[in-house]
Amino acid sequence: MEVAPRFWQNPKTLRDIYVQSSSNAMVPLSAFTHFENTNTSLSVNHQGQFPSITLSFNLAPGVAIGDAVQAIESTVHKMPLPASVRASFQGTAQAFQASLANEPLLILAALISVYIVLGILYESTIHPITILSTLPSAGVGALLALLLCGSDLSVIAVIGIILLIGIVKKNAILMIDFALDAQRKEGKNSRDAIYEACLLRFRPILMTTMAALLAGLPLALGTGVGSELRRPLGISIVGGLIVSQILTLFTTPVVYLYMERLRLKLGRRRNRAQILLGNEHA
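Letter by letter, the sequence shown follows residues 0 to 281 in numbering that gives the first Met the number 0.
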């Protein structure tokens with residue numbers, strides 16, 4: 000049929016095709032099949048090895064792609080689809096789902112990396128937690144700002160929250176670094192050290208926060224072409240900085256004192272265990 004056109008230009012040629020049966024007899028194809036003329040697609044799309052069809056949709060004004068994805072998924076679950084039919088997203092919707100699936104792992108990896116770097120820098124396993132304790136307030140501030148401004152938690156907004164991890168923790172770093180240095184070099188107790196750190200580092204903390212906050216205001220208040228993409232980034236940064244600036248100035252010294260007491264308690268237990276082991280060996 001591939002060599003002579005007269006064999007494939009007419010469907011009646013199918014009557015002349017024979018297949019071999021289980022008893023090695025040649026059976027004509029027309030003995031167990033038939034063909035008929037009907038309308039069909041000019042081409043059949045495939046995804047992998049399976050035939051597929053594509054249904055496109057557009058977003059109504061003011062509707063986020065996340066809401067559209069949820070609506071489509073709920074509709075598909077309500078439909079009595081056969082087990083052999085599967086529905087999946089492609090294009091922008093697929094990229095949106097993939098980004099949401101990787102975001103928790105990305106944030107977790109960022110937190111672990113920050114903890115390791117701070118632990119090496121301060122030679123401590125306790126006080127990196129003190130510094131990271133400032134991050135929840137930034138996340139809450141970013142979410143509240145997005146809620147008040149009527150913006151969705153888009154991928155760009157999540158990028159802004161990840162940026163806050165690097166911006167907000169510098170408040171605690173400025174205080175904790177000074178307090179640890181005062182304890183180790185000047186022999187001050189933890190309460191006096193963190194009190195002096197709060198007094199001396201208030202101005203640089205306020206200056207750096209205001210610099211980052213004012214840099215994010217044009218993004219949050221901007222208009223024009225492409226502003227709908229940049230606004231969630233600016234809103235999350237500004238909201239997170241405002242709330243974290245208000246809270247961390249009060250919470251960081253308290254967390255520092257509690258962590259310092261925990262460090263001393265664990266140190267005494269470790270020393271007591273070493274003394275007991277030494278007595279047993281003696």
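Glycine included, every Cβ here is placed at the ideal spot set by N, Cα and C.
Quantities reported herein were computed from a predicted structural model and do not represent experimental measurements.
Extent of the continuous beta strand (DSSP E) run through Met25: 25-27
Cβ separation of Ile160 and Ser235, assumed to be a contact under 8 Å, to the nearest whole Å: 6 Å
Distance, Ala156 Cα to Ile130 Cα: 23 Å
Minimum length 4: unbroken alpha helix (DSSP H) runs contained in the segment 120-147: 126-131
Rounded separation between Trp7 and Pro50 - CA only: 24 Å
Residue interval of the alpha helix (DSSP H) (run including Gln19): No alpha helix (DSSP H) contains Gln19, which is instead part of the beta strand (DSSP E) from 17-19.
Rounded Cβ spacing between Lys264 and Thr207 (contact assumed at less than 8 Å): With 8 Å as the limit, Lys264 and Thr207 do not qualify as a contact, their Cβ atoms being about 34 Å apart.
Contact under 8 Å by Cβ, Gly140 with Gly239: yes
Nearest to Asn9 (by Cα), restricted to the options Pro252, Ser21, Phe34: Phe34
Backbone CA spacing between Thr134 and Ile193 [nearest angstrom]: What sits at residue 134 in the sequence shown is Leu, not Thr. Straight-line Cα distance between these residues: approximately 19 Å.
Beta-ladder partner(s) of His45, from DSSP: Pro50
Nearest-angstrom beta carbon gap, Phe95 and Val68 [assumed within contact, 8 Å]: 7 Å
Length of the line joining the Cα atoms of Val224 and Leu232: 15 Å
Rounded straight-line distance, which links the Cα of Pro103 to that of Ala97: 11 Å
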